[in-house]
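Sequences listed follow chains U and G, in order.
Read in order, the letters of the first sequence are residues -6 to 266 in my numbering.
Read in order, the letters of the second sequence are residues 207 to 488 in my numbering.
Virtual Cβ for every residue (Gly too), placed ideally from N, Cα, C.
Bear in mind the structure is a predicted one, so any value in this text is a computation, not a measurement.
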Amino acid sequence: MKIRSSLPLPLRVAGPLLIAILLAFVLLPVVVVTIAAFNEKAILAFPPESYSLKWFARVFSYPDFQEGFRSSMVVTGWSSFLALVIGTCLSIAVKRLEFRGKQLLLAILHSPLVVPHFTLGLGLLILVSQTSVQRGYGIVILCHVMLVLPFVLRSVYVSMENLDERLEQAAGSLGAPPVKVLFTITVPLLAPGLFGGWLFAAIMSFSEFTASLFVTTQDTQTLPVAMYNYVREFADPTLAALSAVYIAVTAALLAFANYFLGLGKVLNIEDNH
Amino acid sequence: MRSDLRAWLVSPAVIVAMGIAVSLAAVFQFSFRAFVPGSLDVGGLTFANFSGMGKSIYLDAFANTLLLSVETTVFSLVAAYPLAYALVRVKNRALKSFILIVSITPLFLGEIVRTYSWIAVLGSNGFINGTLRKLGLIEWPFELMFTHLGVLVALVHVTIPVVVLMLATAISHINRDYEKAAQSLGAGPVKTFVTVTLPLSMPGILASITTAFAWTFSAFATPQMIGGGRVPTVSTLVYQLGFSSMNFPLAASLSVMGLLMTTAALFALGLLTKRLKAAGGH
Chain U
-6 MKIRSSLPLP LRVAGPLLIA ILLAFVLLPV VVVTIAAFNE KAILAFPPES YSLKWFARVF
54 SYPDFQEGFR SSMVVTGWSS FLALVIGTCL SIAVKRLEFR GKQLLLAILH SPLVVPHFTL
114 GLGLLILVSQ TSVQRGYGIV ILCHVMLVLP FVLRSVYVSM ENLDERLEQA AGSLGAPPVK
174 VLFTITVPLL APGLFGGWLF AAIMSFSEFT ASLFVTTQDT QTLPVAMYNY VREFADPTLA
234 ALSAVYIAVT AALLAFANYF LGLGKVLNIE DNH
Chain G
207 MRSDLRAWLV SPAVIVAMGI AVSLAAVFQF SFRAFVPGSL DVGGLTFANF SGMGKSIYLD
267 AFANTLLLSV ETTVFSLVAA YPLAYALVRV KNRALKSFIL IVSITPLFLG EIVRTYSWIA
327 VLGSNGFING TLRKLGLIEW PFELMFTHLG VLVALVHVTI PVVVLMLATA ISHINRDYEK
387 AAQSLGAGPV KTFVTVTLPL SMPGILASIT TAFAWTFSAF ATPQMIGGGR VPTVSTLVYQ
447 LGFSSMNFPL AASLSVMGLL MTTAALFALG LLTKRLKAAG GH
């Protein structure tokens, strides 16, 4: 409180004003595209002169979006599940066990954070073109697991930091074998962090575009790829309507996660001091 | 039992790591192969892909990508720091949640929705031009699409959320006793921030620089859709060469050069960090 009262007046006004301006900048495109989605005319324009819901109707009836949504659900479902299982197993091993090549393994798994997605996508595309592997869902799912795993590892690792190891030791000393300890003590205690990590992986995978563009085909194209192809063909506000739906669902999911899990804790940004 | 458990826990991750390593190896291998027009097969070993990289279209793309990456990193740090600071230090829970949700939502929308939203702002019938015309301030639309500035603004918007998260993590781990100590010794709030809080958040700042740089370098949809081919980047060239010309070897060698450039930039940043540490910083 002392800090507040001793701040000079211009700073006390400037701080909140700056935050408001920055939040407005972040929100601006999201708000504008949502309003533009209700334009009656077949062009992307702001402000609309007359309003209509017809572009929303087109979003749900356009076949490429329906199939893209289905593909995205398949890819997101599998890749977020696999990334969660793989990430949880690895986090436990990294925290509790010693094994050779640990640092190298972690370095490679975290590399997609700095290696451009187009490079990884191109690499997978070359591999597929050189072998007789089908360019089906398998390769898309593998690609997404690679890309979202670092985020799952971070989330699980943070919640493991907050886990009381004595609970596991107690179970072990009472005669539970390691596997039983893992499934009856460790995993349930980690559950909120695991759910947070899974949710992140799922949303990231659902929206992934650049690498997907390289590894998908007409049959496996995900929703973002279908959206990209749409914008190259049509100039109408259908994509604005789809964006508005996308924004609403994503914001709702994040608000939900924040309410039930405390996103601050999952993201490790609570003020600890 | 113990080694058995270890194998079960680690091997799935090893498979994913191998997938990454093999993909990168494939890119390296292809960058030294000759292009056979009209075929996905490649010819013998060659350095031609790299030696031809002195052409102005490639140099332009590299210079432009580098410039965009540096600009985006600087601007997103400047914009994200106040947001991260407010996110950690604001006491009101509802306000805190609001700042959090607003500042990270764009991260989860994906490149397409974010980029398309910016088209609605920057386009000739978009928010900026539409509003200015309504107000009678302009007659002809500003050209914001297909410009460096347009791409930059959208890239900064894309990068802010991830930088906010990384900075917020760093700021939340600062022990506030240091700030109180500085103040009890007579430092004002501004001086406390500059001499204590800001230096202590240096690890987060450096981590954000790395990530912001790499993300911008990697961005494809934004320069492609807003730049419309008039703002060339490494990613748009790789896509063009890979998909329009099916020249995988040249696309691969451009990717390798891009990877080398990112690595060099990050290495230089690492050296700078060490220098700062040696000079008594944090």
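Residue nearest to residue i in terms of C-alpha spacing, selected from the options
{"i": "Trp214(G)", "options": "Leu160(U), Val87(U), Leu117(U)", "result": "Val87(U)"}
{"i": "Val284(G)", "options": "Pro367(G), Met224(G), Gly249(G), Arg239(G)", "result": "Pro367(G)"}
{"i": "Tyr44(U)", "options": "Asn261(U), Pro230(U), Leu247(U), Leu246(U)", "result": "Pro230(U)"}
{"i": "Cys82(U)", "options": "Lys34(U), Phe199(U), Leu183(U)", "result": "Leu183(U)"}
{"i": "Tyr130(U)", "options": "Arg147(U), Thr179(U), Met66(U), Ile14(U)", "result": "Met66(U)"}
{"i": "Ala228(U)", "options": "Trp48(U), Lys173(U), Thr27(U)", "result": "Trp48(U)"}
{"i": "Gln123(U)", "options": "Ile377(G), Gly249(G), Ala219(G), Leu475(G)", "result": "Gly249(G)"}
{"i": "Asp212(U)", "options": "Val68(U), Leu4(U), Thr27(U)", "result": "Val68(U)"}
{"i": "Lys340(G)", "options": "Leu216(U), Phe176(U), Ala29(U), Pro40(U)", "result": "Pro40(U)"}
{"i": "Ser72(U)", "options": "Leu140(U), Thr27(U), Arg159(U)", "result": "Leu140(U)"}
{"i": "Thr337(G)", "options": "Leu15(U), Ala29(U), Val52(U)", "result": "Ala29(U)"}
{"i": "Thr428(G)", "options": "Gln389(G), Arg382(G), Leu355(G)", "result": "Leu355(G)"}
{"i": "Pro325(G)", "options": "Gln430(G), Leu211(G), Glu277(G)", "result": "Sequence check: residue 325(G) is Ile here, not Pro. Nearest C-alpha to Ile325(G): Gln430(G)."}
{"i": "Ile132(U)", "options": "Arg147(U), Ser205(U), Gln162(U), Ala76(U)", "result": "Ser205(U)"}
{"i": "Ala194(U)", "options": "Arg147(U), Val6(U), Leu20(U)", "result": "Arg147(U)"}
Amino acids of chain G, ordered along the chain, whose beta-carbon sits closer than 8 Å to that of residue i
{"i": "Ala129(U)", "result": "The amino acid at residue 129(U) is misidentified as Ala; the sequence shows Gly. None at all; the shortest Cβ gap to chain G is about 15 Å."}
{"i": "Ser65(U)", "result": "Per Cβ cutoff of 8 Å: no residues; Ser65(U) is ~10 Å from chain G at best."}
{"i": "Thr314(U)", "result": "Because chain U here runs from -6 to 266, residue 314(U) falls outside it and cannot be looked at."}
N-terminal and C-terminal residue of the beta strand (DSSP E) that residue i is part of
{"i": "Arg147(U)", "result": "Element bounds for Arg147(U): not the beta strand (DSSP E) but the alpha helix (DSSP H), 130 to 154."}
{"i": "Val248(G)", "result": "248 to 251"}
Sheet register partners of residue i (DSSP bridge)
{"i": "Asn32(U)", "result": "Tyr44(U)"}
{"i": "Arg239(G)", "result": "Leu251(G)"}
Residues that residue i contacts on chain U, provided the C-beta gap is smaller than 9 Å
{"i": "Leu306(G)", "result": "Leu247, Asn251, Leu256, Gly257, Leu260, Ile262"}
{"i": "Trp346(G)", "result": "Neighbours of Trp346(G) on chain U: none; closest Cβ ~16 Å, over 9 Å."}
{"i": "Leu478(G)", "result": "Those within 9 Å of Leu478(G) in chain U number zero; the least Cβ separation is about 17 Å."}
Span of the alpha helix (DSSP H), counted from its first residue to its last, around residue i
{"i": "Thr337(G)", "result": "333 to 340"}
{"i": "Arg89(U)", "result": "56 to 89"}
{"i": "Glu161(U)", "result": "158 to 166"}
{"i": "His379(G)", "result": "Counting along the chain, His379(G) falls outside any alpha helix (DSSP H), and DSSP gives it neither H nor E."}
{"i": "Pro395(G)", "result": "395 to 398"}
{"i": "Arg295(G)", "result": "262 to 295"}
{"i": "Asn261(U)", "result": "Looking at the DSSP string, Asn261(U) is not in any alpha helix (DSSP H), and its letter there is neither H nor E."}
{"i": "Val107(U)", "result": "Per DSSP, Val107(U) belongs to no alpha helix (DSSP H) and is neither H nor E."}
{"i": "Pro429(G)", "result": "427 to 433"}
{"i": "Val444(G)", "result": "440 to 445"}
{"i": "Ile310(G)", "result": "299 to 328"}
{"i": "Asn251(U)", "result": "231 to 254"}
{"i": "Gln96(U)", "result": "95 to 103"}
{"i": "Glu226(U)", "result": "216 to 226"}
{"i": "Leu478(G)", "result": "454 to 484"}
Partner residues on chain U for residue i, Cβ-Cβ distance less than 8 Å
{"i": "Leu293(G)", "result": "Ile262"}
{"i": "Asn331(G)", "result": "Ile36, Leu37, Ala38, Phe39"}
{"i": "Val233(G)", "result": "Thr112, Leu115, Gly116, Ile119"}
7 Å Cβ cut-off: residues of chain U touching residue i
{"i": "Ile366(G)", "result": "Val19"}
{"i": "Pro438(G)", "result": "Residues of chain U passing the Cβ test: none, with the nearest at roughly 14 Å."}
{"i": "Ile318(G)", "result": "Phe202, Pro217, Met220, Tyr221"}
Partners in chain G for residue i, counting only beta-carbon separations shorter than 9 Å
{"i": "Ile79(U)", "result": "Pro218, Ala219, Ile221, Val222"}
{"i": "Ile178(U)", "result": "Going along chain G, no residue has its Cβ under 9 Å from Ile178(U), so there is no contact; the nearest lies around 15 Å."}
Within chain G, partners of residue i - CB distance below 7 Å
{"i": "Met153(U)", "result": "Simply none; closest approach about 13 Å."}
{"i": "Ser236(U)", "result": "Val319, Tyr322, Ser323"}
Looking at C-beta atoms only, is the number of pairs between the segment 225 to 239 of chain G and the segment 445 to 460 of chain G that lie closer than 8 Å three or more? yes
Is the number of C-beta pairs between the segment 107 to 118 of chain U and the segment 147 to 164 of chain U that are closer than 8 Å three or more? no
Could you tell me whether the segment 285 to 295 of chain G touches the segment 362 to 382 of chain G, using the rule of 3 or more Cβ pairs below 8 Å? yes
Can at least three beta-carbon pairs, one atom from the segment 252 to 261 of chain U and one from the segment 185 to 196 of chain U, be found at a separation below 8 Å? yes
Is the segment 419 to 432 of chain G touching the segment 352 to 368 of chain G, taking contact as three or more C-beta pairs under 8 Å? yes
Measuring CB atoms only, is the segment 33 to 41 of chain U touching the segment 331 to 340 of chain G, in the sense that at least three cross pairs come out at less than 8 Å? yes
Under 8 Å, with one C-beta from each stretch per pair, do the segment 232 to 248 of chain U and the segment 104 to 111 of chain U reach the 3-pair mark? no
Do the segment 252 to 272 of chain G and the segment 398 to 406 of chain G make contact, defined as three or more Cβ pairs closer than 8 Å? no
Counting Cβ pairs, one atom from each stretch, are 3 or more of them under 8 Å apart for the segment 460 to 479 of chain G and the segment 289 to 299 of chain G? no
Within 8 Å, do at least three Cβ pairs link the segment 69 to 83 of chain U to the segment 390 to 404 of chain G? no
Using a Cβ distance threshold of 8 Å, determine whether the segment 126 to 145 of chain U contacts the segment 471 to 482 of chain G, with at least three qualifying pairs required. no
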